[in-house]
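Student: Which chain is which? The protein sequence lines are A and B, in order. If you read the first sequence in my numbering, its first letter stands for residue 674, the second for the next number, and so on. If you read the second sequence in my numbering, its first letter stands for residue 145, the second for the next number, and so on. One structure is given below, represented as structure tokens, and several questions about it will come after.
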Amino acid sequence: MEILGAVFAAVYQFGDAFAFLVLSACGLAVIFGMMGVINLAHGEFIMCGAYVTVMTNRLGVPLPVAILAGALVAGAVGVLVERLVIRHLYSRPLDTIVATWGISLIATQGTLIVLGSTMPGVGTPFGSFEFAGLSYSYYRIVLMLSAVAVLAILYLFFTRTRFGVLARATIQVPSMAEALGVDTRFIYAMTFGLGAALAGLTGGLYAPTMTMVPTMGTTFIMEAFVTVVVGGADVFLGTAPAAAVLAVVKATLTSWYGQLFGQIGLLIAVIIVIRVLPRGISGFILRERA
Amino acid sequence: MTSFRRWISRLEGPQTMGRGPAFWVGFCVVLVAACAYPLFSDGYTVGNTVYFFNWVFMALGLSLIWGYGGSLSFGQTAFFGLAGYGYGILTINVGDAYGFTLIATLLAIGVAAAFAALLGYFLFFGRISGVFLGIVTLSVTLVFERFMAQTAGPEWRVGSARLNGFNGMSGMPPLTIPWFGESIVLYPDIELYYVTLGLLVIVYLGLRILVNSRFGNVLVAIRENPERAEMLGYDVRKYQLGAFVIGSSLAGLSGVLYTTWGQYITPSSMGITAAALPVIWVAVGGRSDLTATLAGTLIVLAGFQALTIYGSQYALVVMGLLLVLTVLVAPQGVVVLVGRALGRLFGRGAR
Chain A
674 MEILGAVFAA VYQFGDAFAF LVLSACGLAV IFGMMGVINL AHGEFIMCGA YVTVMTNRLG
734 VPLPVAILAG ALVAGAVGVL VERLVIRHLY SRPLDTIVAT WGISLIATQG TLIVLGSTMP
794 GVGTPFGSFE FAGLSYSYYR IVLMLSAVAV LAILYLFFTR TRFGVLARAT IQVPSMAEAL
854 GVDTRFIYAM TFGLGAALAG LTGGLYAPTM TMVPTMGTTF IMEAFVTVVV GGADVFLGTA
914 PAAAVLAVVK ATLTSWYGQL FGQIGLLIAV IIVIRVLPRG ISGFILRERA
Chain B
145 MTSFRRWISR LEGPQTMGRG PAFWVGFCVV LVAACAYPLF SDGYTVGNTV YFFNWVFMAL
205 GLSLIWGYGG SLSFGQTAFF GLAGYGYGIL TINVGDAYGF TLIATLLAIG VAAAFAALLG
265 YFLFFGRISG VFLGIVTLSV TLVFERFMAQ TAGPEWRVGS ARLNGFNGMS GMPPLTIPWF
325 GESIVLYPDI ELYYVTLGLL VIVYLGLRIL VNSRFGNVLV AIRENPERAE MLGYDVRKYQ
385 LGAFVIGSSL AGLSGVLYTT WGQYITPSSM GITAAALPVI WVAVGGRSDL TATLAGTLIV
445 LAGFQALTIY GSQYALVVMG LLLVLTVLVA PQGVVVLVGR ALGRLFGRGA R
């Protein structure tokens with residue numbers, strides 16, 4: 674029983690870290706993988722989703738609906754940002770990272786000015802259960818399942834829907850897709866919106882577990898960056914395995930030395946991975962296949 | 145003698161804006177004005193100007209790495225903080241006698257440079273480039289900030305120096321120059337102003353020589369087309385690493401000067417907002433030119449401080465807006481645009 678308890682605790686911690694990494698990174702990874710744009714305002718889209726979720730939930734809307742509302746609003750803001758700023762920078766991908774940093778500053782400070790330095794949150798639902806003498810949160814299990822569900826839905830979306838196929842065609846050879854009648858500008862706008870909506874979803878999902886402050890996005894971005902760098906440019910071949918590998922590092926170090934050392938471990942892991950696999954895990958897998 | 149003359153001739157060249165007698169007359173006028181400025185001002189304003197100067201070193205370093213080398217390093221504040229904390233730890237433990245503050249300055253910059261060399265080895269020799277370089281360096285800064293922010297407990301001490309967590313470290317001695325009879329203590333006043341101004345002129349002219357030398361030309365060639373530079377036989381990684389280490393040492397110098405200026409350093413001077421500011425100065429000024437970066441940094445800093453009177457939150461929104469607009473409308477930088485316009489106006493003045 675004691676061994677079972679220890680195994681369960683380890684699996685739970687791994688699952689928690691995996692969920693956090695996948696959910697943090699998926700929005701960033703979709704935008705990067707599809708468009709080559711690193712969205713430094715990613716954390717602010719997460720913050721946006723969390724704020725909208727909490728506000729609508731406090732109006733009496735049930736939490737799952739509130740989370741979806743958060744994702745939708747973040748996605749809409751994402752489409753708007755793409756129209757106003759990102760669209761003009763596709764020929765200069767390195768400048769998008771700088772521009773989105775400016776957007777991130779505006780969003781964080783704007784939220785601080787409009788909504789104040791903190792906002793009352795909502796409690797974590799579902800309570801907890803006990804296993805082998807240790808207490809676990811049900812909501813964390815929900816988060817793990819959500820992470821897996823998000824990966825599965827994204828996979829189906831990009832392989833089985835018409836939009837997904839058009840999006841992948843646009844990514845591979847934009848000029849050819851355009852010649853075949855695909856509205857590539859629309860595809861880019863929607864892809865950016867999808868990435869922003871995924872960030873908003875992450876914010877909504879984690880909103881009940883966090884303190885509502887305008888800088889809450891920075892809690893996620895380090896993990897998101899690291900996962901995308903290790904994963905490389907492919908969401909399924911990159912982000913998911915990268916999150917799995919990094920979750921082991923993070924969960925182990927966090928349970929031994931605390932959260933900060935989990936992050937330091939992630940960073941060191943990334944720097945080493947970069948030295949060995951410059952194009953990330955997906956680059957490695959794709960080269961092996963080719 | 146001839147080699148000296150060659151060095152001097154590299155003060156101007158293809159990689160820097162401004163050449164010919166007109167530019168250097170202007171340079172001397174500005175320099176004389178800067179030297180005379182404390183005579184017409186009070187101690188507080190002079191000290192404040194020194195505060196502006198402190199940041200310019202980091203901006204020039206970023207210009208070298210990003211503008212000339214084309215590597216997006218968004219974690220310059222990590223080296224800034226590392227050197228600042230390094231200076232604090234060294235001087236609090238050893239004191240300021242016998243000019244140790246100057247040695248501590250060099251050691252702290254050395255630590256920053258060594259860390260930059262280590263990190264840069266993994267990054268550049270792993271051949272990561274573009275956006276990844278930016279986000280890895282930024283991640284390093286964020287983690288370093290979080291690490292320093294949690295060092296509040298009494299167990300986080302190096303010798304007699306408490307790291308003090310989020311509140312930061314304070315009480316380190318200011319720069320002290322040993323002198324006959326009595327040491328000169330450089331408080332943020334006229335003496336420190338001249339020392340910092342002198343350093344600034346040396347670094348600015350030194351970097352001008354550097355970027356117009358073979359090293360600078362290769363660096364720009366790498367920025368323009370890394371594959372071509374490699375085909376021509378240059379080891380791209382070494383040049384990028386070199387620029388990264390030099391630029392990061394300058395960030396370290398900024399960190400030490402900042403720490404001695406206010407006699408404190410906090411983790412938030414490395415956080416994501418602090419890390420964004422150098423990027424804004426350099427981008428708005430014009431990252432691919434040293435003079436534009438220098439002027440842009442001072443202008444943006446002065447503007448930022450003027451706005452802060454109405455609330456630093458609003459000032460940051462304006463900074464964000466400025467960055468987005470610069471990238472969209474004047475990607476080469478506002479000062480560069482103005483400089484080119486001036487050059488056209490005066491015929492053969494600027495590039």
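All residues carry an ideal CB built from backbone N, CA and C; glycine is no exception.
Ordered along the chain, which non-local residues of its own chain (more than five positions away) have a Cβ less than 7 Å from that of residue 207/B?
Tutor: 426, 431, 434 and 437
Student: I'd like to know whether the C-beta atoms of residue 905/A and residue 954/A end up nearer to each other than 7 Å.
Tutor: yes
Student: Could you say which of 429/B, 471/B, 408/B and 271/B lies nearest to residue 949/A if we only look at CA atoms?
Tutor: 271/B
Student: Name the chain B residues whose beta carbon is nearer than 8 Å to that of residue 948/A?
Tutor: 266, 269 and 270
Student: Taking the CB atoms as reference points, tell me whether residue 319/B and residue 404/B lie closer together than 7 Å.
Tutor: It is a contact, given that the beta carbons lie within the stated cut-off.
Student: Just list the beta strand (DSSP E) runs in the region 423–450 of chain B, keeping only unbroken ones of 3 residues or longer that don't cross its boundaries, in chain order.
Tutor: none
Student: With 9 Å as the C-beta to C-beta threshold (strictly closer), list the residues of the region 759–781 of chain A near chain B in chain order.
Tutor: 761, 762, 765, 766, 767, 768, 769, 770, 771, 772, 773, 774, 775, 776, 777, 778, 779, 780 and 781
Student: For residue 474/B, I'd like the list of residues in its chain whose CB is within less than 6 Å of its CB, leaving aside the five on either flank, ordered along the chain.
Tutor: Only 481 meet the Cβ criterion.
Student: Measure the Cβ-Cβ separation of residue 697/A and residue 893/A and say whether it is below 7 Å.
Tutor: If you check the CB distance, residue 697/A and residue 893/A come in under 7 Å.
Student: Does the beta carbon of residue 902/A come closer than 7 Å to any beta carbon on chain B?
Tutor: yes
Student: Hey, out of 175/B, 281/B and 213/B, whose CA is closest to residue 415/B's CA?
Tutor: Selection 175/B, 281/B and 213/B evaluated against residue 415/B yields 281/B as nearest (Cα-Cα).
Student: Quick check: the Cα distance between residue 495/B and residue 173/B, rounded to an integer number of angstroms?
Tutor: Reliability fails at residue 495/B, whose pLDDT of 42 lies under 50, so the model's placement of it is uncertain and no value is given.
Student: Do residue 460/B and residue 782/A count as a contact pair if the criterion is CB distance below 7 Å?
Tutor: yes
Student: Considering Cα atoms alone, identify which of 490/B, 479/B, 486/B and 467/B is closest to residue 770/A.
Tutor: 467/B
Student: Can you find a CB in chain B that lies within less than 7 Å of the CB of residue 726/A?
Tutor: no
Student: On the DSSP letters alone, give me the boundaries of the beta strand (DSSP E) that residue 809/A sits inside.
Tutor: 807–810
Student: Does residue 822/A come out as helix, strand or coil in the three-state DSSP assignment?
Tutor: helix
Student: Excluding the 5 residues preceding and the 5 following residue 339/B in the sequence, name in chain order all residues of the same chain whose CB lies nearer than 7 Å to its CB.
Tutor: 330
Student: Going by C-alpha distance, which of 677/A, 921/A, 956/A and 738/A is nearest residue 877/A?
Tutor: 738/A
Student: Ends of the beta strand (DSSP E) at residue 804/A?
Tutor: Residue 804/A -> beta strand (DSSP E) spans 801–804.
Student: For residue 760/A, which of helix, strand or coil comes out of DSSP?
Tutor: helix
Student: Hey, how far is the Cα of residue 875/A from the Cα of residue 164/B?
Tutor: 57 Å
Student: Output yes if chain A places a C-beta closer than 7 Å to the C-beta of residue 495/B; else output no.
Tutor: Low confidence applies here, because residue 495/B scores a pLDDT of 42, under 50, leaving its location unreliable; read the following figure in that light. Residue 495/B does not count as touching chain A.
Student: With a cut-off of 8 Å on the beta carbons, I'd call residue 409/B and residue 232/B a contact; round off their distance for me.
Tutor: 6 Å
Student: May I ask you to verify whether the region 847–855 of chain A touches the region 674–684 of chain A, counting CB pairs closer than 8 Å and requiring at least 3?
Tutor: no
Student: For a cutoff of 7 Å on Cβ pairs, would you count residue 445/B as touching chain A?
Tutor: With 7 Å as the cut-off, residue 445/B does not count as an interface residue toward chain A.
Student: The alpha helix (DSSP H) that contains residue 358/B, what's its start and end?
Tutor: 358–368
Student: Exposed or buried, residue 963/A, counting other C-beta atoms within 10 Å across all chains shown (16 or more means buried)?
Tutor: Residue placement at residue 963/A is poorly supported in this model, since its pLDDT is 45, which falls under 50; the coordinates still yield a value, given next. So residue 963/A ends up on the exposed side.
Student: For residue 845/A, which residues in chain B fall below 8 Å Cβ to Cβ?
Tutor: Those do not exist, as residue 845/A stays about 20 Å from chain B at its closest Cβ, beyond 8 Å.
Student: Report buried or exposed for residue 896/A, applying the criterion of at least 16 other Cβ atoms within 10 angstroms of its Cβ.
Tutor: By the neighbour-count criterion, in which 16 or more other beta carbons inside 10 Å mark a residue as buried, residue 896/A falls on the buried side.
Student: Please compile the residues from chain B whose C-beta is within a distance smaller than 9 Å of the C-beta of residue 944/A.
Tutor: In chain order: 263, 266, 267, 270, 280 and 284.
Student: Where does residue 408/B sit, in a helix, a strand or coil, going by DSSP?
Tutor: strand
Student: Could one say the Cβ of residue 276/B lies closer than 7 Å to chain A's Cβ atoms, at least one of them?
Tutor: Yes, residue 276/B counts as interfacial toward chain A.
Student: What residue from 940/A, 764/A, 915/A and 869/A has the CA that sits closest to residue 471/B's CA?
Tutor: 764/A
Student: For the alpha helix (DSSP H) that contains residue 687/A, what are its first and last residues?
Tutor: 675–708
Student: So, does the CB of residue 453/B fall closer than 7 Å to a CB anywhere in chain A?
Tutor: no
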